[in-house]
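In this note's numbering, the protein residues as written are 25 to 455. A virtual CB, placed ideally from N, CA and C, is assigned to each residue, including glycine. Below: one structure, written as structure tokens.
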Amino acid sequence: MANTILIGSQWGDEGKGKIIDVITTEHQWVVRYQGGNNAGHTVEIGEERHVLHLLPSGILREGCRCVIGNGVVIDPAALKKEIDEVEARGYGTRDRLFVSDRAHVIMPYHRLIDEYREGAAAAKDKIGTTKRGIGPSYADKAARVGLRMGDMRLADFAERVRQKVEENNVILQALGAPLLSADEVAAEYQALADALIPYIQDTVTLLNEADRRGESILFEGAQGVMLDIDYGTYPYVTSSNATAGGACTGSGIPPHRIERVIGVVKGYTTRVGEGPFPTELHDASGEALRKAGHEFGATTGRPRRCGWFDAVVARYSAMVNGIDFWALTKMDVLDDQPVIKVCVAYEYEGQRYEQVPGAITVLEGCVPVYEELPGWQCTTSTCTCFADLPDQAKAYIARLEELTGVPVGIVSVGPRRDATFVVESVYAPQA
Ligand code: IMP
Numbered sequence: 025m026a027n028t029i030l031i032g033s034q035w036g037d038e039g040k041g042k043i044i045d046v047i048t049t050e051h052q053w054v055v056r057y058q059g060g061n062n063a064g065h066t067v068e069i070g071e072e073r074h075v076l077h078l079l080p081s082g083i084l085r086e087g088c089r090c091v092i093g094n095g096v097v098i099d100p101a102a103l104k105k106e107i108d109e110v111e112a113r114g115y116g117t118r119d120r121l122f123v124s125d126r127a128h129v130i131m132p133y134h135r136l137i138d139e140y141r142e143g144a145a146a147a148k149d150k151i152g153t154t155k156r157g158i159g160p161s162y163a164d165k166a167a168r169v170g171l172r173m174g175d176m177r178l179a180d181f182a183e184r185v186r187q188k189v190e191e192n193n194v195i196l197q198a199l200g201a202p203l204l205s206a207d208e209v210a211a212e213y214q215a216l217a218d219a220l221i222p223y224i225q226d227t228v229t230l231l232n233e234a235d236r237r238g239e240s241i242l243f244e245g246a247q248g249v250m251l252d253i254d255y256g257t258y259p260y261v262t263s264s265n266a267t268a269g270g271a272c273t274g275s276g277i278p279p280h281r282i283e284r285v286i287g288v289v290k291g292y293t294t295r296v297g298e299g300p301f302p303t304e305l306h307d308a309s310g311e312a313l314r315k316a317g318h319e320f321g322a323t324t325g326r327p328r329r330c331g332w333f334d335a336v337v338a339r340y341s342a343m344v345n346g347i348d349f350w351a352l353t354k355m356d357v358l359d360d361q362p363v364i365k366v367c368v369a370y371e372y373e374g375q376r377y378e379q380v381p382g383a384i385t386v387l388e389g390c391v392p393v394y395e396e397l398p399g400w401q402c403t404t405s406t407c408t409c410f411a412d413l414p415d416q417a418k419a420y421i422a423r424l425e426e427l428t429g430v431p432v433g434i435v436s437v438g439p440r441r442d443a444t445f446v447v448e449s450v451y452a453p454q455a
């Protein structure tokens, strides 16, 4: 059994929750290592549909132990709500959910700063954030003025909260946001602390001990490589490292203990929020993909922008993350397309780009170079193995492999847990 990192290889929403849920059977531990409740991982089990924002998807597999690592920012009210929801559906959390004492806390002023800063920004400067307070919370972490989950155990926690609220009211006032009552927030956060303290642990030691015992760990990425604060389309990114490197810094497991990196890609591309998206479709084909793929944000409900598969992005993601194989999702969404386009390179001012350029001004001007492949125009959602796929779908997969230099090891043809199969020559799951 191998310690595995699973990451989104486009702009998020690739269907990671579902793939994680499928491969969790191979791992005893599932770890969230970055982001916060800006993420929305959807898992469908039988007739039940679960949308998880903070809890690792492993919480839906009995016996699987779950960690929210130090690299995550935690809105305690959102965490408490999610724990209550999964408990109400019969999934126990008490002995198998562990929250890092080093993870930073999202405070109500972080959410207000996020919302009012976005509201005040000129249209071209808006990031289109989820307004969950993610960026301001990471900013406080970097500025070394944040509160951490471990602080909840301190006798003077409520007093610390009160002080932080008073300090931040100055910022809220400058932004024209409503001011917060320090006493009310302190009382609310003390009650949340009382509920969450039983889950708070030194997860760095816990995970390293599990690793030494030979138990295998799955690192569940949130968002996607193009939203990574360093490698994404900065400034139109989230505030954490969604790339594979984030799994180590966000959990405390050293790099040499990682054995496998799986990249999740959709058979096409989507993005929510602002920022460049070279293969975006503004016509009926984009609308058709949105409709067929139910492309609406799991967290905010916003319609996702849709476009063709971008092999430049996937190639870049393979390079930055060291992807061993792809999990290719939502192939069934392409079922009705007579012709499928794939972006093989970009052009900008007469120059060809095989990799994603760092300068946002260049990326914004990049024009995709397309190749056209014939569609299969039949249903793939009933396929149960690779051999079942129509020839055109197999050819499409082969072309994506060629263009990215990475094989496809898992294919998903529908939202249900069982609408997934492996390509055994690439990935043979262990019991
Ligand atoms: P933030 O993470 O809320 O600060 O938002 C920054 C950018 O990341 C915005 O464009 C969001 O739409 C995007 N974003 C954040 N989380 C997700 C996600 O889970 N899926 C897709 N986009 C996301």
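Whole angstroms are fine: how far does the CA of residue j sit from the CA of residue i?
i, j, result
"residue 282", "residue 276", "12 Å"
"residue 172", "residue 125", "7 Å"
"residue 45", "residue 73", "13 Å"
"residue 42", "residue 437", "11 Å"
"residue 456", "residue 123", "Outside the modelled stretch of the chain, which goes from 25 to 455, sits residue 456, for which no answer is possible."
"residue 135", "residue 154", "10 Å"
"residue 245", "residue 269", "10 Å"
"residue 78", "residue 127", "12 Å"
"residue 328", "residue 248", "14 Å"
"residue 405", "residue 443", "7 Å"
"residue 326", "residue 314", "11 Å"
"residue 75", "residue 68", "9 Å"
"residue 433", "residue 198", "52 Å"
"residue 435", "residue 414", "13 Å"
"residue 188", "residue 168", "12 Å"
"residue 181", "residue 201", "25 Å"
"residue 119", "residue 225", "12 Å"
"residue 323", "residue 113", "20 Å"
"residue 375", "residue 343", "21 Å"
"residue 317", "residue 38", "11 Å"
"residue 27", "residue 348", "13 Å"
"residue 211", "residue 30", "38 Å"
"residue 13", "residue 312", "Beyond the ends of the chain as shown, which are 25 and 455, falls residue 13; an answer cannot be given."
"residue 233", "residue 239", "9 Å"
Look at residue i and residue j and say whether their C-beta atoms are less than 8 Å apart.
i, j, result
"residue 58", "residue 293", "no"
"residue 19", "residue 138", "Beyond the ends of the chain as shown, which are 25 and 455, falls residue 19; an answer cannot be given."
"residue 36", "residue 99", "no"
"residue 319", "residue 365", "no"
"residue 66", "residue 242", "no"
"residue 93", "residue 274", "yes"
"residue 117", "residue 107", "yes"
"residue 335", "residue 427", "yes"
"residue 385", "residue 288", "no"
"residue 204", "residue 132", "yes"
"residue 392", "residue 372", "no"
Taking 7 Å as the cut-off, is the C-beta of residue i nearer than that to any heavy atom in the ligand IMP?
i, result
"residue 319", "no"
"residue 204", "no"
"residue 166", "no"
"residue 136", "no"
"residue 30", "no"
"residue 369", "no"
"residue 247", "yes"
"residue 130", "no"
"residue 163", "no"
"residue 37", "yes"
"residue 241", "no"
"residue 260", "yes"
"residue 158", "yes"
"residue 263", "yes"
"residue 151", "yes"
"residue 298", "yes"
"residue 433", "no"
"residue 154", "yes"
"residue 63", "yes"
"residue 323", "yes"
Could you check if residue i belongs to the surroundings of the ligand ZN, using beta carbon to heavy atom distance under 7 Å?
i, result
"residue 251", "As for the ligand ZN, it is missing from this structure, which binds only the ligand IMP."
Quick check: the stretch 146–159 against the stretch 86–94, are there 3 or more CB pairs under 8 Å? The answer is no - the stretch 86–94 does not touch the stretch 146–159, with fewer than three Cβ pairs under 8 Å.
Ranges of the beta strand (DSSP E) found wholly within the stretch 204–284, counting only runs of at least 3: Taking only runs of at least 3 residues, the beta strand (DSSP E) segments lying wholly in the stretch 204–284 are 241–244.
For a minimum of 4 consecutive residues, which ranges assigned as the alpha helix (DSSP H) are wholly contained in the stretch 285–340? 308–316
Mind listing, in chain order, the continuous beta strand (DSSP E) runs of no fewer than 3 residues lying wholly within the stretch 41–119? 53–56, 65–69, 72–76 and 89–92
Count Cβ pairs between the stretch 373–388 and the stretch 327–343 that sit closer than 8 Å; are there 3 or more? yes
With a threshold of 8 Å, are at least 3 pairs of Cβ atoms found where one atom belongs to the stretch 248–261 and the other to the stretch 289–305? yes
How about the stretch 395–414 and the stretch 347–364: do they share at least three Cβ pairs that are nearer than 8 Å? yes
Would the stretch 176–186 count as touching the stretch 211–220 if we require 3 or more Cβ pairs under 8 Å? Yes, the stretch 176–186 is in contact with the stretch 211–220.
Only counting runs of 3 or more residues, tell me where the beta strand (DSSP E) segments fall wholly within the stretch 362–422, in order along the chain. 363–372, 375–377 and 391–398
Considering only residues of the stretch 118–168, which uninterrupted alpha helix (DSSP H) runs meet the minimum length of 4 residues and lie entirely inside it, listed in chain order? 132–144 and 158–166
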